[in-house]
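In our numbering, the protein residues as written are 7 to 208. Backbone N, C-alpha and C define an ideal beta-carbon position, used for all residues, glycine too.
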Amino acid sequence: MALDEGMTLASGPTVEGVSPRPWASAMRHVQRRWHALVTILWMLVLALSPVLRLDGVGHDVALAAHLLGMVVGFGAVLLVDWHGLVWLSGLRTFRDSLRVGEAAHPLVWMGLLLILVSGAFLGPDLGQPTTWIKQVAVLALVNNGVAVRRLGARLSLLKPRIHSLAELPERHRVAMIVSLTVSQIGWWTAAIVGYLETLSRR
Numbered sequence: 007m008a009l010d011e012g013m014t015l016a017s018g019p020t021v022e023g024v025s026p027r028p029w030a031s032a033m034r035h036v037q038r039r040w041h042a043l044v045t046i047l048w049m050l051v052l053a054l055s056p057v058l059r060l061d062g063v064g065h066d067v068a069l070a071a072h073l074l075g076m077v078v079g080f081g082a083v084l085l086v087d088w089h090g091l092v093w094l095s096g097l098r099t100f101r102d103s104l105r106v107g108e109a110a111h112p113l114v115w116m117g118l119l120l121i122l123v124s125g126a127f128l129g130p131d132l133g134q135p136t137t138w139i140k141q142v143a144v145l146a147l148v149n150n151g152v153a154v155r156r157l158g159a160r161l162s163l164l165k166p167r168i169h170s171l172a173e174l175p176e177r178h179r180v181a182m183i184v185s186l187t188v189s190q191i192g193w194w195t196a197a198i199v200g201y202l203e204t205l206s207r208r
């Protein structure tokens, strides 16, 4: 059985008379809602940031939460990416890498939400280009997180014995490379710009 998106499924039971198309359509609909939700949340945080700015101890607590979010989220991403490289080297199976990704995904979201929400209390200067560079990076990351969730669901349906990117269906391979690129550029941009902004405020 194959989904309309060209996935090669692992052997397993099928339900007679049930088409995968409604499932794929429902998944796309849910994904669009999540993209809209995280984008609205991002816009709401930016709109409220001038009002929510804290000083003194409150600012220090928000900054600590912001840094914690960076450590948790970026750390989880680096773990997943490293495990992907280990899979490509043949030291781990494709299923092992998927399990690590599934386990780390909540940590990535926890980090992103901490960064997003705590950042509103730090009083970002929306008049500075660097602030917008960081904010756009965060927006790209949260939307990439939504896309990765669906990509993980697709990959979990593939045959377990996959040893290289070349063995993946083309659209899955492209999606994985794009997701990895967006993730690395987004996280490194947010980290570096955030660090430079902290130095400039001293």
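CB contact flag (residue i, residue j, <7 Å)
| i | j | result |
| --- | --- | --- |
| Phe127 | Ala32 | no |
| Leu50 | Gly79 | no |
| Leu85 | Ala110 | yes |
| Ile168 | Phe100 | yes |
| Ser206 | Pro130 | no |
| Leu171 | Arg179 | yes |
| Gly125 | Gly158 | no |
| Val199 | Ile139 | yes |
| Leu120 | Gly75 | yes |
Other residues of its chain near residue i: CB distance less than 7 Å, five sequence neighbours each side excluded
| i | result |
| --- | --- |
| Gln37 | Val152, Arg156 |
| Val188 | Ala146, Asn150 |
| Gly96 | His169 |
Unbroken alpha helix (DSSP H) run spanning residue i, endpoints
| i | result |
| --- | --- |
| Gln141 | 135 to 161 |
| Leu2 | The chain is shown only over 7 to 208; residue 2 falls outside these bounds and no answer can be derived. |
| Gly79 | 63 to 94 |
Alpha-carbon spacing of residue i relative to residue j, whole angstroms
| i | j | result |
| --- | --- | --- |
| Val21 | Leu163 | With a pLDDT of 39 at Val21, under the threshold of 50, the modelled position of that residue is not reliable, and the figure given next carries that caveat. Taking the straight line from one Cα to the other gives about 15 Å. |
| Ala71 | Gln134 | 23 Å |
| Pro175 | Leu122 | 34 Å |
| Thr45 | Asn149 | 8 Å |
| His65 | Leu58 | 10 Å |
| Ile191 | Ser185 | 10 Å |
| Gly23 | Gln141 | Unreliable placement is indicated for Gly23, whose pLDDT of 42 sits below 50; the coordinate value is still reported in the next sentence. Between Gly23 and Gln141, the C-alpha separation is close to 47 Å. |
| Leu202 | Trp194 | 12 Å |
| Arg177 | His35 | 19 Å |
Own chain partners of residue i with C-beta closer than 6 Å, once the 5 adjacent residues on each side are dropped
| i | result |
| --- | --- |
| Met116 | Val78 |
| Val92 | Arg98 |
Open item on the list: At 4 residues or longer, what runs of the alpha helix (DSSP H) sit wholly inside the region 172 to 203?
Closed with: As far as the region 172 to 203 is concerned, it has no whole alpha helix (DSSP H) run of at least 4 residues.
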